Amino acid sequence: MQLDEIIFNPLLRSILGLVLMGVIFLGAMVAIWFERKLSADIQQRYGPMRAGPHGVLQLVADAIKLFTKEDIIPRDADRLLFVSAPIVLMASVFLMLVAIPFGAIIINGETYPIAATDMDISILYIQAVSAISLIGIFMVAYSANNKFSVLGAFRNFARMIGYEVPLGICIVSVAIMAGSLNVIEIVKAQDPLWFIIKQPLGFFVFFIAMMADMGRLPFDQNESEEELVAGWITEYTSMRFGLGFFAEYIHMILGSMLIVLLFLGGWNLPAALTANTILGIILPTAFFMGKVALVILFIILIRWAVPRYRIDQVVDLSWKKLLPLSFLNLIWVVVLVLLGV
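With numbering that gives the first Met the number 0 applied, the sequence shown closes on residue 340, and no number is skipped along the way.
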């Protein structure tokens, strides 16, 4: 059996998908621990560091707490929607996971992406299924019969609709420059020059829009505890809250992967570094994951450096600033392509 037949075997791809699900859950746990540790260090709080070495047992304590807390459903809630909403949120994450490569292995000069599937329109698919989370958040808010939750959901609508437009235009710009809607082909097109160099304005707009899409500070107006208690997830307890919490962190990891894949060269390395079979198996994925970790680190640092914007400021930023800039970047990319750059 040829190597291509082994790697692209449907059974092997299915097993790989299940493995990637486990990896992304583990990554979310590490991201939660790292954010707590980093924020504690920044604010000189020692509480998160007391549970075991470097605070790693805090995750175990939180898991026990979430599993053992009472699962409360409000009396006037829509039970069917209330129970199924966290499942919809996690479904959105897993559907994105299907098409996002987690790296690659290079054997004899051939690149084999570590992805559950290879789609010709994978970037459009990822953007489409990520929008399912919007439906899940509305289900959470509406089913709870809580005014704070509903306000948080409508804030989420205003934010996501405003930022999905410039985000989509930046994706179109990347696809035009790469000549493909396939994420894997987009990565190949960045060898040797990354797209952040060719379209720095597009990277700037995409990064901010992706931050808003993740719901990270300063774009977490759907939660904003000092205004809406906990916003869209106010009425959730136990593992239903845990699923929503986990979905946010997984979304952050996958969003960081997209930033690296579309603008930071993905797993591309000089051919000399991957000529050795062992290095070709290890280095590309390690290089890719290292860049993803740096992006996540920067996103976490922004949380403690920038105050939360008001909802009107968030909407103005998307429609009045990022949207014109995204069109300007699109024109720039079209000119570069026409000139053959």
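Backbone N, C-alpha and C fix where the C-beta goes; we use that ideal spot for every residue, glycine too. Since we're looking at a predicted model, the values are computed, not measured.
*How about residue 205 and residue 261: do their beta carbons lie closer than 8 Å?*
Yes, they are a contact pair.
*Kindly identify the DSSP beta-bridge partner or partners of residue 110.*
105
*Counting Cβ pairs closer than 8 Å, one from the stretch 19-34 and one from the stretch 121-130, do we hit at least three?*
Between the stretch 19-34 and the stretch 121-130, the count of Cβ pairs shorter than 8 Å is below three; the stretches do not touch.
*Helix, strand or coil: how does DSSP classify residue 273 here?*
Taken through DSSP and simplified to helix, strand or coil, residue 273 comes out as helix.
*Does DSSP put residue 68 in a helix, in a strand, or in coil?*
Correct three-state label for residue 68: coil.
*How is residue 218 classed by DSSP in three states: helix, strand or coil?*
Three-state result, residue 218: coil.
*Simplified DSSP state of residue 147, which is helix, strand or coil*: helix
_Tell me which residue opens and which closes the alpha helix (DSSP H) that residue 53 is part of._
Where residue 53 is concerned, there is no enclosing alpha helix (DSSP H), given that its DSSP letter is neither H nor E.
*asked:* Using C-beta distances below 8 Å, list every residue in its chain close to residue 270, excluding the 5 sequence neighbours before and after it, in chain order.
replied: 108
*Skipping 5 residues on each side, what residues in its chain have a beta carbon closer than 7 Å to that of residue 55?*
So the list reads 32, once near-sequence residues are dropped.
_If I follow the unbroken alpha helix (DSSP H) through residue 187, where does it start and stop?_
182-187
*Work out the CA separation of residue 52 and residue 167 for me, nearest whole Å.*
Between the alpha carbons of residue 167 and residue 52 lies a gap of roughly 43 Å.
*asked:* Is the separation between the beta-carbon of residue 155 and that of residue 136 shorter than 8 Å?
replied: yes
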